[in-house]
Amino acid sequence: MNKQKILVTGAKGQLGTEMVKLLKEMKYEVYGYGRAELDITDFQQVKNVIDHIRPNIVIHAAAYTKVDAAESEPDQAFFVNAYGTRNVTVASEHIGAKLVYISTDYVFDGTADVPYNEFAFTNPINVYGKSKLAGEQFVRDLHSKFFIIRTSWVYGKHGNNFVKTMLKLAQEQKQLFVVDDQIGCPTYAVDLVSCIFQLIQTEKYGVYHISNSGHCSWYEFAKAIFEEANVNIVVNPCKTKDYPRPARRPPYSVLDHMALRLNGFKELRHWREALKEFIKVYGVKPCQH
1 MNKQKILVTG AKGQLGTEMV KLLKEMKYEV YGYGRAELDI TDFQQVKNVI DHIRPNIVIH
61 AAAYTKVDAA ESEPDQAFFV NAYGTRNVTV ASEHIGAKLV YISTDYVFDG TADVPYNEFA
121 FTNPINVYGK SKLAGEQFVR DLHSKFFIIR TSWVYGKHGN NFVKTMLKLA QEQKQLFVVD
181 DQIGCPTYAV DLVSCIFQLI QTEKYGVYHI SNSGHCSWYE FAKAIFEEAN VNIVVNPCKT
241 KDYPRPARRP PYSVLDHMAL RLNGFKELRH WREALKEFIK VYGVKPCQH
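Take the sequence shown: its letters are residues 1 to 289, numbered as in full-length UniProt numbering.
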């Protein structure tokens, strides 16, 4: 089992980096490609690489993720997230590889007041969400053995994320304003990849919502970050409308983990517990004002 080959796209990103690390630790033969090594929008290149390596599993983590910029460059967002995904999907199906596609909570409009399960109606309200949903559709239409993973508010050691941004801002400012009217769930990249790792060893295909348990607003998340890091800073709640951005965000995008429960997988630990571990591992130096 362990000599399986796994190809990871987006291997230099926040999630891809953690995925490659875990798979190598588990003694898989891992092929990690960043944007420089593999242009997913080039069908022929994707097909050649996947045909040559013939991986057992393809984990497609490459994506266009600039949520606000997508509003002014929709062609680019769809080119990467929809057609790039189609390319990876077709090439993976051709050699019979299992496929994992990383999607997002932004496929929902946020009008619900209970967590969204995997069968909930999708209705993205920004270009990024629409392009990721288009990617999901290509996976469903063109592949026979797939896992679509929707996740939310991901943070970790690699790449840019909310936790790192907050800690950096705390060194520069005495107080911060953070929106309290967007509710979702933070997801620790390490927990996410270990859950994906369990899924790919099965044939329990389908759509899965994977985030840490519980939920919070960005404001509550920020407060928790500073508490865990022992950073003394004033955090003020504010409203989304006070800080308008090009892309609308779903006001409520908490994910229900129905597929994990019903397929016999363990749900992830509470987001606060995961955050505590990340801050400990990441080694944050407290800064006092």
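Note that CB positions come from ideal geometry on N, CA and C, so glycine has one too.
(request) Compare the beta carbon distance of A120 and A82 with 8 Å and say whether it is the shorter of the two. (result) Taking the first residue of the sequence shown as position 1, residue 120 is located at position 120. Taking the first residue of the sequence shown as position 1, residue 82 is located at position 82. In this structure, A120 keeps its C-beta atom at 8 Å or more from the C-beta atom of A82.
(request) Please list, in chain order, all residues of the same chain as K204 whose beta carbon is under 7 Å from its beta carbon, the five residues on each side excluded. (result) Within the sequence shown, the letter at position 204 stands for residue 204. Same-chain partners within the cutoff: N263.
(request) Could you name the residues of the same chain whose beta carbon sits closer than 6 Å to that of R54, not counting the 5 residues immediately before and after it, in chain order? (result) Looking up residue 54 in the sequence shown gives position 54. The answer, listed in chain order, is I95.
(request) Measuring alpha carbon to alpha carbon, tell me which of T151, Q182, K174, D181 ends up nearest V190. (result) As a working note, residue 190 is residue 190 in the sequence shown. Minimum Cα distance to V190 is reached at T151.
(request) Assign Y243 to buried or exposed, taking buried as 16 or more other Cβ atoms, counted over all protein chains shown, within 10 Å of its Cβ. (result) Working through the sequence shown from its first residue, we reach residue 243 at position 243. Around the Cβ of Y243, a 10 Å sphere holds fewer than 16 other Cβ atoms; the residue is exposed.
(request) Measure the alpha-carbon distance for R86 versus S72 and round it to whole angstroms. (result) Numbered from its first residue, the sequence shown carries residue 86 at position 86. Numbered from its first residue, the sequence shown carries residue 72 at position 72. Using only the alpha carbons, I get a separation of about 23 Å.
(request) Can you check the region 69 to 152 for any beta strand (DSSP E) of at least 3 residues that lies completely inside it and give the ranges in chain order? (result) 98 to 104, 146 to 151
(request) Write down every uninterrupted run of the alpha helix (DSSP H) in the region 227 to 276 whose length is 4 residues or greater and which is fully enclosed by it, in chain order. (result) 258 to 262
(message) Report the start-end ranges of each alpha helix (DSSP H) in the region 148 to 219 that is 4 residues or longer and not cut off at the edges.
(response) 162 to 172, 189 to 200
(request) Give me whichever residues DSSP pairs with E29 in a beta bridge. (result) Taking the sequence shown and counting its residues from 1, the one referred to as residue 29 is at position 29. K5.
(request) Would you kindly report the start and end of the unbroken beta strand (DSSP E) that includes I53? (result) On the sequence shown, residue 53 is found 53 positions in, with the first residue counted as 1. Run containing I53: none in the beta strand (DSSP E); it sits in the alpha helix (DSSP H), 43 to 53.
(request) Pick helix, strand or coil for V67, following the three-state DSSP scheme. (result) Here residue 67 corresponds to residue number 67 of the sequence shown, with the count starting at 1. Coil, per DSSP.
(request) Taking only the alpha-carbon atoms, compute the straight-line gap between I59 and V88 and give it to the nearest angstrom. (result) Numbered from its first residue, the sequence shown carries residue 59 at position 59. Numbered from its first residue, the sequence shown carries residue 88 at position 88. So the alpha carbons of these two residues sit roughly 9 Å apart.
(message) I need the DSSP call for P286, collapsed to helix, strand or coil.
(response) Along the sequence shown, read from residue 1 onward, the residue named residue 286 stands at position 286. Note that P286 scores 48 on pLDDT, short of 50, meaning its location in the model is unreliable and no value can be drawn from it.
(request) Quick one: residues in its chain with C-beta nearer than 8 Å to the C-beta of T240, no 5 flanking neighbours on either side, listed in chain order? (result) Translated into the one-based positions of the sequence shown, residue 240 becomes position 240. V179, D181, Q182, R249, P251.
(message) With three or more C-beta pairs closer than 8 Å as the rule, is the region 159 to 166 touching the region 12 to 26?
(response) yes
(request) Could you work out which residue in N236, L192, C216 is closest to V100 when comparing CA atoms only? (result) Against the sequence shown, residue 100 aligns to sequence position 100. If we check each option's Cα against that of V100, L192 comes out closest.
(message) So, does the region 253 to 273 touch the region 104 to 116, judging by three or more C-beta pairs under 8 Å?
(response) yes
(message) Once the 5 residues before and after E93 are set aside, which same chain residues still bring their CB inside 7 Å of it?
(response) One-based indexing of the sequence shown puts residue 93 at position 93. Around E93: L142, H143, S144.
(request) Please confirm whether Y208 and L260 have their CB atoms less than 8 Å apart. (result) Translated into the one-based positions of the sequence shown, residue 208 becomes position 208. Translated into the one-based positions of the sequence shown, residue 260 becomes position 260. A contact, by the Cβ cut-off of 8 Å.
(request) Go ahead and pull the three-state DSSP assignment for I57. (result) Walking along the sequence shown from the start, residue 57 turns up at place 57. Three-state result, I57: strand.
(request) Could you have a look at I40 and say whether DSSP puts it in helix, strand or coil? (result) On the sequence shown, position 40 is the one that residue 40 refers to. Coil at I40, not helix or strand.
(request) Identify whether A224 lies in helix, strand or coil by the three-state DSSP scheme. (result) Taking the first residue of the sequence shown as position 1, residue 224 is located at position 224. Correct three-state label for A224: helix.
(request) Report all residues from its chain with a CB closer than 8 Å to the CB of R269; omit the five preceding and five following residues, and keep chain order. (result) Numbered from its first residue, the sequence shown carries residue 269 at position 269. Excluding residues within five positions, the ones whose Cβ falls inside 8 Å are D191, N212, S213.
(request) Give me the Cβ distance between T41 and F79, rounded to the nearest whole Å; I'm assuming they're in contact under 8 Å. (result) To locate residue 41, count along the sequence shown from 1; it is residue 41. To locate residue 79, count along the sequence shown from 1; it is residue 79. With 8 Å as the limit, T41 and F79 qualify as a contact, their Cβ atoms being about 6 Å apart.
(request) Assign K24 to one of three DSSP states: helix, strand, or coil. (result) As a first step, residue 24 is located in the sequence shown; it is residue number 24 there, counting from the start. K24 falls in the helix class under three-state DSSP.
(message) So, for F43: in the same chain, excluding its five sequence neighbours on each side, which residues have a beta-carbon less than 7 Å away from its beta-carbon?
(response) Translated into positions along the sequence shown, residue 43 becomes position 43. Cβ neighbours of F43 beyond the five flanking positions: N87.
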